[in-house]
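In order, the protein sequences belong to chains A and B. Read left to right, the first sequence gives residues 186 to 648 (this note's numbering). Read left to right, the second sequence gives residues 1299 to 1679 (this note's numbering). The C-beta atom is built at its ideal place from N, Cα and C for all residues, glycine as well. The structure presented is a predicted model; accordingly, all values stated were derived computationally and were not measured. First comes the structure, then the notes that go with it.
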Amino acid sequence: MTHPPTTAAAPPGPRTSPAPAPPRRTAFAEGVDRLRAAAVTEPGRLRTIGAVLALLVVAFGAVTAWQTTGRATAADDVLTSSQPLSSDAADIYRSLADANTKATSGYLAGPNETRRTRAAYEKDIRTAAAKLVTAAANSDPGSPAATTIAELNTLLPRYKGLVEAARANNRQGFPVGGAYLREANDTMQHRMLPAAEALYAKENQRLLADYGDATPYPWAAIGLGVLALGALAWAQRRHYLRTHRVLNPGLVAATAATAVVLLWLVAGHGVARADLKHSYDRGVRSLAVLYDARVASLKARSDENLTLVSRGAETKRLTDGTAEDAYAWAWDREIARLGGKLRRASVLADDAAGRRPVHTADSSMREWRSRHEKARAKNDAGDYQGARDLVVGTDAKTSTTVCFDNVDASLAAALVHETDQFRAAARDGRDALTGLPAGSVVLALLGTASALLGIGRRLSEYR
Amino acid sequence: MGGTAMGGTAMGGVAMGGKAGKGGVMLWARRLRTGLRGWGGVGAMALVCALALAFALLLPLLGSRADGSAGGPPGQSGQSGPGGQSEQGGQGWPGPARGTQARAGRCDHPQDRSPSPADTEGAAIRAIKARGYLVVGVDQNSYRWGYRNPNDASGELEGFDIDLAHAIAKDLLHDEKLVQFRAIPTNERITAVEDGRVDMVVRTMTITCERLEKVAFSAPYFLTGQQVLAPKTSPVHGYGPSLAGRRICSADGSTAHDRLVRDRREHRLPATADISTVVPNQLDCLVRLQLGEVDAVVTDGALAAGQAAQDPTVGLKGRRFTTDYYGVAMNRKATDLVRRVNLILEDYRRDGGWKASYDKWLAPTLGRTSESATPPAVRYR
């Protein structure tokens, strides 16, 4: 903003002092007077116009850079930080639920527990522990998320201890192992999974906040751009009316630079906004529903196993006064929740590739349900061995294990697909803003220089 | 009869004494007495006989009326509480005579209310034979009573209750394998019998007055009572003052829990005893005890012994402080089955089956000399 004409038009105050006139005036008042006198002359006006134009274009460039930087950072966070964190939280949630499923399956299988089940359980615990560390590193100390993470960190070793006690007692042939397993399941389903769910919700909030930072229109920048363009147009019209010269190359270049920045801003942000919205609608919402569905299927599986471990050790008093096995009741609830989530996921899936795994999961879930009913009927009829074979057996035609595995695999496939969709759209959105902050600064500086040159050229005609 | 006769004599004596006290007519009275001496003895005896006859005729009448009133309105019978006979003592009954009769009839000894054994065959037994197998409700979580050994590849249930069920099947159907076990929750034992989902429940089920209103019980097959379980190193030495300041675990809806609540309210248990830990199943108490979340467990001695058998560092503390009997629960309509089961139990006790089963499952923790080590004395209705 420091340019030669202004300095020349406003000479320093002390130079007016040689006349020690009776009304002794301040240097500032003297300067204002001189400026006022200069402003009514054409060179003075031109200097003012030049200053205002330069200011507007520079301000437009600066605000554009500032607002697009914020949005580009937020868009980048969506892609590289908050969504991965939210997905990590979902992984913690899933790993814990899966660990419980594997622990109950292993317990039910007893001496026939497979190495695979055992390895999967250990891996789930490791995953949960590792991701908890990541989540802790990314949470602010003292925040609700940090409290939840601390709680999960305390419960995880307790849970593992209970499961190991259950296993050891079961190996000894002591039924107290079953009581340990129920206690472990209780810790998991009523304390850890709700905490993991809360952590996931909090990370999702962070994701939503980043979306909120990335998508609003940069109204200040757009407004300043329109204002700068208007001022440039007015200055050129005034120029034309006074001099009958159509074009001032400097002002035209400034107008062009400003117009390019404005167009880039509107188009770039518009595309980024559309892509991000797409990534949210197609990716994030589907992902949330699929995560829920997966956890519901894992809980249902744990309950199915525990129905056969507990065998009436725990009952749930229903509203009509009758008692039902607590785990049979919980199974009904979780399988119904799974059905609801799958329907919702099918609605949200926007292409055939997304719907296919959801439909596979849905048909596997139906098959699971009908096989579960058979297993339950066998159990109710006293054929415990038969019921157990249906639940932990590996016969592809009859076992519910197979159905559950299919549901889980289909949901995993659907999650991969939706994550890819999310990534592609969010990356497009972030990339649409690439270069905009730097470009707007460079172009605005060029525009400012052009405007000043244009005005300077006119001014030189008065020298 | 003897008591009533003595009462009659005493009453006669008082009446005569009153007459004798009437001052100036003493001489006349003495003469009358000497005159009546011969007939007086005969008259007094006649009076006594008449009174005795009247009581003998009235007693069953009174008894049946008291029975009717206790069994009639469900609200009234519900007041008697969920526990064993011990809870019944404090109940206020409308009349002393009726109260005494009702207690004697219904709740002083619920274990003595089973019909006498007989080799009958009615509708219930015929239905079982037609089906070809016996359906028995059992527990799968009571160590040494009814549980599934995870290391036994066959997956068969085993325990003292399971042996008994096999013995019943063997007698009824001539094959101890012809029995279908259904694991049922504690609080569904009665409905399962009432609905006919099972022929009988053999599941450490205590014979109580309240349950007798809904199901029929066999004669008692096991004597037990509430007992305290604690780590062997614990200073707790039984049910009482040593529980002060201790955290005590009991199962939800169990006799033990009701008893704890009542005893603390009535200051028979130290007020500082913390009885807030209530779990769904008695076995969960052992988990709490092992995790150090409670200091003691109160449950049936037989079940407590099952818990102690799973952990060598815990043991039974003190003597049992209630007397309970386990019985086989059956449908109230299946009288033929109840009487038959009582007969089977007689044989089971006599042929050593009971003892063998006890020695196999329970002797290691309950001991060979405890009062539970022999079948309880049986009386029928």
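- About 5 angstroms separates the CB atoms of Pro1529(B) and Val1612(B); that is less than 8 angstroms, so the two are in contact.
- When rounded, the separation of the alpha-carbon atoms in Glu552(A) and Ala294(A) is 22 angstroms.
- Check the Cα spacing between Cys1547(B) and each of Leu1589(B), Pro1533(B), Ala1514(B), Pro1539(B): the tightest is with Leu1589(B).
- With contact defined as three or more Cβ pairs closer than 8 angstroms, the region 589 to 602 of chain A and the region 306 to 316 of chain A are not in contact.
- Annotation: Ser482(A) to Leu1527(B) spans about 40 angstroms, alpha carbon to alpha carbon.
- Counting every other CB atom within 10 Å of its CB across the protein chains shown gives His1464(B) a total of 16 or more, marking it as buried.
- Per DSSP, the continuous alpha helix (DSSP H) segment holding Tyr569(A) begins and ends at 569 to 577.
- 8 angstroms or more divides the Cβ of Val1433(B) from the Cβ of Phe1515(B).
- Residue contact with chain B for Gly363(A): present (Cβ-Cβ distance below 8 angstroms to some residue of chain B).
- As far as DSSP is concerned, Ile1426(B) takes part in no beta bridge.
- Collapsing the DSSP output to three states places Tyr292(A) in a helix.
- For Ala599(A), same chain residues with a beta-carbon under 6 angstroms away, outside a window of 5 residues either side, are Leu475, Pro542, Val543 in chain order.
- With a 10 Å radius around the Cβ and a threshold of 16 neighbouring Cβ atoms, Ala452(A) comes out exposed.
- For Ala515(A), the closest C-alpha among the options Gln374(A), Ser625(A), Gly358(A), Thr579(A) is that of Gln374(A).
- Against chain A, a Cβ distance below 8 angstroms from Leu1581(B) picks out Pro360, Val361, Gly363, Ala364, Ala498.
- If you draw a 10 Å sphere on the C-beta of Asn1449(B), you find fewer than 16 other C-beta atoms in it, and that means exposed.
- Per DSSP, the continuous beta strand (DSSP E) segment holding Glu509(A) begins and ends at 508 to 510.
- At least one beta carbon of chain A lies nearer than 8 angstroms to the beta carbon of Pro1448(B).
- Per DSSP, the beta bridge partners of Phe1520(B) are Tyr1624(B).
- Our two residues, Gln1608(B) and Val361(A), have alpha carbons roughly 7 angstroms apart in a direct line.
- Gln1409(B) is outside the set of residues whose beta carbon lies under 8 angstroms from a beta carbon in chain A.
- For Lys501(A), the secondary structure class from DSSP, reduced to helix, strand or coil, is strand.
- Between the region 624 to 640 of chain A and the region 483 to 502 of chain A, the count of Cβ pairs shorter than 8 angstroms is below three; the stretches do not touch.
- In the assembly as shown, Phe213(A) is an exposed residue. Its beta-carbon has fewer than 16 other beta-carbons within 10 Å.
- Ranked by Cα distance from Arg556(A), the options Asp568(A), Thr226(A), Ala572(A) are led by Ala572(A).
- By the Cβ criterion, the region 1426 to 1445 of chain B is not in contact with the region 326 to 345 of chain A, since fewer than three pairs of Cβ atoms, one from each stretch, lie closer than 8 angstroms.
- Between the region 299 to 309 of chain A and the region 325 to 332 of chain A, the count of C-beta pairs closer than 8 angstroms stays below three; the two stretches do not touch.
- The beta carbon of Leu1567(B) sits closer than 6 angstroms to those of Asp1561, all from its chain and outside the five residues before and after it, given in chain order.
- Per DSSP, the continuous beta strand (DSSP E) segment holding Ile1546(B) begins and ends at 1545 to 1549.
- Taking the Cα positions, Ala1542(B) is about 29 angstroms away from Leu347(A).
- The Cβ of Asp510(A) sits closer than 8 angstroms to at least one Cβ of chain B.
- In this structure, Pro1674(B) places its C-beta atom within 8 angstroms of the C-beta atom of Phe1520(B).
- Per the coordinates, the alpha-carbon of Thr500(A) lies some 17 angstroms from the alpha-carbon of Met1503(B).
- Bounds of the beta strand (DSSP E) holding Arg1480(B) are 1477 to 1481.
- Gly624(A) and Ala260(A) have their alpha carbons spaced roughly 18 angstroms apart.
- Gly1444(B) is the residue among Glu1454(B), Ser1452(B), Gly1444(B), Ala1451(B) whose C-alpha sits nearest the C-alpha of Leu1462(B).
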